[in-house]
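Undergrad: Mind having a look at this structure? Questions to follow.
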Amino acid sequence: MRDYSKRSSYSIRSQLIWTFSAMLVLEMLAFGITSSILFDRTLKENNNNYVSQMIFQMNGIIDNYISYMEDITSVVMQHEDVKDYISSTGDSSVRKALKPGIQGFLFSIKEIRKDLVNLILLFEDGDFISSNPEDRLNETFDFRHENWYLNAGLPFQKPYITSSHVQNLIKGRYPWVISISRSFHNQGEKEGILLLDLNYDVIQELISDVEIGEKGYLFIINPQGEIVYHPRQDLIYNDLKHEKIDPILAMKKGSLLSRVDDEDILYTFGSSADTGWTIVGVSNVKELLSGRRELQNFLWVLTLLTFTIVILISTLLSGRIVKPIESLRKSMQQVEKGNFDIKIDVQCDHEVYDLAEDCNIAIRKIKDLMLQNEQEQELKRKNEFKALQAQINPHFLYNTLDSIIWLIEDNENEDAVRMTEELADFFRLSLNKGREIIPIRQVIEHISSYLVIQQMRYKNKMDYRILVDPELYSYYSLKLLLQPLVENAIYHGIKNQKKEGLVVIRAVKEENCIRFSVEDSGPGIDPETLQQLRAGEIPDASRSGMGLKNVQERLHIFFGNEYDLFFESNPGKGSCIGFTIPLIKEPPQ
575 MRDYSKRSSY SIRSQLIWTF SAMLVLEMLA FGITSSILFD RTLKENNNNY
625 VSQMIFQMNG IIDNYISYME DITSVVMQHE DVKDYISSTG DSSVRKALKP
675 GIQGFLFSIK EIRKDLVNLI LLFEDGDFIS SNPEDRLNET FDFRHENWYL
725 NAGLPFQKPY ITSSHVQNLI KGRYPWVISI SRSFHNQGEK EGILLLDLNY
775 DVIQELISDV EIGEKGYLFI INPQGEIVYH PRQDLIYNDL KHEKIDPILA
825 MKKGSLLSRV DDEDILYTFG SSADTGWTIV GVSNVKELLS GRRELQNFLW
875 VLTLLTFTIV ILISTLLSGR IVKPIESLRK SMQQVEKGNF DIKIDVQCDH
925 EVYDLAEDCN IAIRKIKDLM LQNEQEQELK RKNEFKALQA QINPHFLYNT
975 LDSIIWLIED NENEDAVRMT EELADFFRLS LNKGREIIPI RQVIEHISSY
1025 LVIQQMRYKN KMDYRILVDP ELYSYYSLKL LLQPLVENAI YHGIKNQKKE
1075 GLVVIRAVKE ENCIRFSVED SGPGIDPETL QQLRAGEIPD ASRSGMGLKN
1125 VQERLHIFFG NEYDLFFESN PGKGSCIGFT IPLIKEPPQ
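In this note's numbering, the protein residues as written are 575 to 1163.
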């Protein structure tokens, strides 16, 4: 005989090992590349969303602040003394009388707003009024040539706002400021401007708490491309640091990925309609994607571990496949010990394969004979259950269809349609593709449809409550257990009352079971009948007895005699009937 198993052993083992290994490598490679791309994209999108929201909030804060400063210029320009001073061109005596009052007024504003560096009225003829009487203009500095003077907005227009700069106006003081200027006129001619110099540190304080990683930051530019604020202003002015200002101004809003000063930078920016400023968030891409290396290391470790496991599994699997005779012998030893569930699987091309198949046929026939009696008993039990279940549906269907006919005859078509829809939902859940064990969520939906139908039948005679913790919805129960109990509560407890009755359904989790109960506000159960019911003497001749008997038998068939009905009653105040079922976390296969 050919040494087939030894010759095929090497071939099968090597093919399995290399095939599984190649598939694994390709899969992990595709997974790693896809994960890396998605990781980068998600990080950038999340960063853009976060920075955009931050810029939006910061624009609102700065707009409010600048708007308040613009309001101050309007207040100053509307002051009566200021208007009189402007209109008294050439009358030095009037101006001399008005100047102290105006200085005091400007001083009071500056005292309130500590963020104002200068608050000055500058006149075309060189005259000025400062909030500080001791201020003197710098003789070497002609303010009439400065942008904040030339471009100052008219009284009825928005003031002109500069970028950050060193203010050389006052002798002996050279602060770093942002200027707001508004011109004033007399008889159509420009007489001068009102100048507010804001402390540069104010803008810095407004955005100092903003963090974009360890290397990220915010900066502000105006529509002319001038930097209003930058946390590294000294580097910018010394040309040691650069920003992509022109592309940002061209886009005004959105994001831009660029390489600046040998670093990959992600700009996120948004403009203010009030100030015209653009706030730019700068994110360092290398820092942003720092977690990617950790992900890559994890994937390498996972690939190595998985590769090792696959090699071991394929080696073991191939070793078993190439030993058909040993496999057959060990399998038959299991059969000798009474294990008839075994399936002998021999992969070869000689007589051992035929012998294994013959053994499988013999094992199946023996197992079929042993299970035949059990199947007959199981079939009998299922038939009994189907007969019990059939007692429920026709009676309820008849009553509901009868009620639908009444509604149609009374021209209550909307209620008839609703009852028909609830009836369809009820029987859809009742059938449930033949499954007997269903989630408690569906049990509650089923009984809810039933109660809606009954509430429509009895109209103002009943109300109901379903008190079930949603935590129980994931557990399973035998279907059609609650309906007979609810029908019993309505028929005996609610139907014959003159006042509106109440049915309450509860389900609570106990130590090893779930306890269902149906309470009604009816007259209760008389003591003699209650004693019989508790003794297990449930009649099956009456309508209610048939339903209760059905529930009891189904509980016993599916869960055993230890799970049974219980009965409680308070004469004149109502009754409670319920049952317990075991905790079922997964449906039976």
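Cβ atoms here follow ideal geometry from the backbone N, Cα and C, with glycine treated the same way.
1. Around the C-beta of residue 936, are 16 or more other C-beta atoms found within 10 angstroms, so that it is buried, or is it exposed?
2. Which of the three DSSP states is assigned to residue 1024 in this structure?
3. In the DSSP assignment, what residue or residues form a beta bridge with residue 727?
4. Measuring alpha carbon to alpha carbon, tell me which of 871, 998, 1020, 691 ends up nearest residue 643.
5. For residue 707, which beta-bridge partners are listed by DSSP?
6. Out of 664, 841, 748, point me to the one whose CA is closest to residue 760's CA.
7. In this structure, how does DSSP classify residue 828 when only helix, strand and coil are distinguished?
8. I need the straight-line Cα distance from residue 957 to residue 1124, nearest angstrom please.
9. Please report the residue range of the alpha helix (DSSP H) in which residue 1058 lies.
10. DSSP three-state label for residue 1137, please.
11. Roughly how many whole angstroms lie between the Cα atoms of residue 670 and residue 676?
12. What residue range does the beta strand (DSSP E) around residue 766 cover?
13. Measure the Cβ-Cβ separation of residue 1031 and residue 973 and say whether it is below 9 Å.
14. Would you give the residue range spanned by the beta strand (DSSP E) that residue 1152 belongs to?
15. Please report the residue range of the alpha helix (DSSP H) in which residue 1102 lies.
16. Who are the Cβ neighbours of residue 1159 in its own chain at under 8 Å, not counting the five residues just before and after it?
17. Note down, in chain order, each residue of its chain lying with its Cβ closer than 7 Å to the Cβ of residue 598, except the 5 sequence neighbours on either side.
18. Taking only runs that begin and end inside the segment 635-719, name each unbroken beta strand (DSSP E) of 3 or more residues, in chain order.
19. Indicate the three-state DSSP secondary structure (helix, strand or coil) for residue 848 in the structure shown.
20. I believe residue 846 touches residue 633 by the beta-carbon criterion, under 8 Å. Please report the beta-carbon distance rounded to the nearest angstrom.
21. Quick one: grab the DSSP three-state call for residue 1047.
22. Suppose the cutoff is 7 Å on Cβ atoms and the five residues either side in sequence are ignored; what does the same chain contact list for residue 774 look like?
23. Note down the Cα distance separating residue 982 from residue 971, rounded to an integer number of angstroms.
24. Starting from residue 810, trace the alpha helix (DSSP H) both ways and give me its first and last residue.
25. With a threshold of 8 Å on Cβ separation, who are the neighbours of residue 678 within its own chain once the five nearest residues in sequence on each side are excluded?
26. So, helix, strand or coil for residue 1131, using DSSP?
27. Which residue marks the beginning of the beta strand (DSSP E) containing residue 1075, and which one marks its end?
28. Among residues of its own chain, excluding the 5 on either side of residue 1046, which ones have a beta-carbon nearer than 7 Å to its beta-carbon?
29. Could you tell me the distance, in whole angstroms, from the CA atom of residue 791 to the CA atom of residue 839?
30. Give the DSSP-derived three-state secondary structure of residue 1066 in the structure shown.
31. At the level of alpha carbons, what is the spacing between residue 648 and residue 832?
32. Just to confirm my understanding: we take residue 1099, look at its own chain, exclude 5 residues before and 5 after, and list those with CB closer than 6 Å. What are they?
33. Is the segment 699-710 touching the segment 719-737 in the sense that three or more CB pairs, one from each, lie closer than 8 Å?
34. Does the contact criterion of 3 or more C-beta pairs under 8 Å hold for the segment 849-860 versus the segment 808-825?
35. Just to confirm my understanding: we take residue 1024, look at its own chain, exclude 5 residues before and 5 after, and list those with CB closer than 7 Å. What are they?
36. Just reading off the beta strand (DSSP E) that residue 1041 is part of, what are its end residues?
TA: According to the data block:
1. Within the sequence shown, numbered from 1, the residue matching residue 936 stands at position 362. It is exposed - the Cβ of residue 936 has fewer than 16 other Cβ atoms within 10 Å.
2. For the purposes of this step, residue 1024 is identified with residue 450 of the sequence shown, where counting begins at 1. Residue state, collapsed to three classes: helix.
3. Numbered from 1 along the sequence shown, position 153 holds the residue referred to as residue 727. DSSP, once it has assigned bridges, lists 756 as partnering residue 727.
4. Along the sequence shown, one-based indexing puts residue 643 at 69. For residue 643, the nearest C-alpha among the options comes from 691.
5. Within the sequence shown, residue 707 is the residue found at index 133, counting from 1. Residue 707 pairs with nothing; no bridge assigned.
6. As a working note, residue 760 is residue 186 in the sequence shown. The shortest C-alpha separation from residue 760 is found at 664.
7. The residue labelled residue 828 in the question sits at position 254 within the sequence shown. The answer is strand: DSSP assigns residue 828 an E or B state.
8. Locating residue 957 in the sequence shown gives position 383, counting from the first residue. Locating residue 1124 in the sequence shown gives position 550, counting from the first residue. Note that residue 957 scores 41 on pLDDT, short of 50, meaning its location in the model is unreliable and no value can be drawn from it.
9. For this step, residue 1058 is matched to residue 484 along the sequence shown. Note, residue 1058: alpha helix (DSSP H), 1056-1062.
10. Position 563 of the sequence shown, counted from the start, is the residue given in the question as residue 1137. Here residue 1137 sits in coil by DSSP.
11. The residue labelled residue 670 in the question sits at position 96 within the sequence shown. The residue labelled residue 676 in the question sits at position 102 within the sequence shown. Using only the alpha carbons, I get a separation of about 10 Å.
12. Walking along the sequence shown from the start, residue 766 turns up at place 192. The continuous beta strand (DSSP E) containing residue 766 extends over residues 763-773.
13. Along the sequence shown, one-based indexing puts residue 1031 at 457. Along the sequence shown, one-based indexing puts residue 973 at 399. Cβ distance < 9 Å, so residue 1031 and residue 973 count as in contact.
14. Within the sequence shown, the letter at position 578 stands for residue 1152. Note, residue 1152: beta strand (DSSP E), 1148-1156.
15. On the sequence shown, residue 1102 is found 528 positions in, with the first residue counted as 1. 1101-1108 is the span of the alpha helix (DSSP H), which, as asked, contains residue 1102.
16. Within the sequence shown, the letter at position 585 stands for residue 1159. Correct list, in chain order: 1048, 1049, 1050.
17. As a first step, residue 598 must be located in the sequence shown, where it is residue number 24. The answer, listed in chain order, is 880, 881, 884.
18. 690-697, 702-704
19. In the sequence shown, counting from the first residue as 1, residue 848 sits at position 274. DSSP places residue 848 in coil when its eight states are reduced to three.
20. Your numbering for residue 846 matches position 272 in the sequence shown. Your numbering for residue 633 matches position 59 in the sequence shown. About 5 Å; that satisfies the 8 Å criterion.
21. Working through the sequence shown from its first residue, we reach residue 1047 at position 473. Helix.
22. Against the sequence shown, residue 774 aligns to sequence position 200. Cβ neighbours of residue 774 beyond the five flanking positions: 738, 750, 751, 752.
23. Reading the sequence shown from its first residue, position 408 is the one you call residue 982. Reading the sequence shown from its first residue, position 397 is the one you call residue 971. The alpha-carbon atoms of residue 982 and residue 971 are separated by roughly 16 Å.
24. Counting from 1 along the sequence shown, the entry for residue 810 is found at position 236. Per DSSP, residue 810 belongs to the alpha helix (DSSP H) from 807-811.
25. Counted from its first residue, the sequence shown places residue 678 at position 104. Same-chain partners within the cutoff: there are none.
26. Along the sequence shown, one-based indexing puts residue 1131 at 557. Reduced to three states, the DSSP call for residue 1131 is helix.
27. Sequence index remark: in the sequence shown, residue 1075 carries index 501 (1-based). That run of the beta strand (DSSP E) goes 1075-1083.
28. Along the sequence shown, read from residue 1 onward, the residue named residue 1046 stands at position 472. For residue 1046, where only same-chain residues beyond five positions count, the Cβ hits under 7 Å are 1014, 1081, 1083, 1088.
29. For this step, residue 791 is matched to residue 217 along the sequence shown. For this step, residue 839 is matched to residue 265 along the sequence shown. Taking the straight line from one Cα to the other gives about 11 Å.
30. Residue mapping note: residue 1066 aligns to position 492 of the sequence shown, counting from 1. Residue 1066: helix per DSSP, three-state reduction.
31. The residue you call residue 648 lines up with position 74 of the sequence shown. The residue you call residue 832 lines up with position 258 of the sequence shown. In this structure, the CA atom of residue 648 is about 42 Å from the CA atom of residue 832.
32. Within the sequence shown, residue 1099 is the residue found at index 525, counting from 1. If we look at residue 1099 and ignore the five residues flanking it on each side, its Cβ neighbours are 1143, 1149.
33. Counting Cβ pairs under 8 Å, fewer than three are found: no touch.
34. yes
35. Translated into the one-based positions of the sequence shown, residue 1024 becomes position 450. Cβ neighbours of residue 1024 beyond the five flanking positions: 1000, 1057, 1060.
36. Counted from its first residue, the sequence shown places residue 1041 at position 467. Run containing residue 1041: 1036-1042, per the beta strand (DSSP E) assignment.
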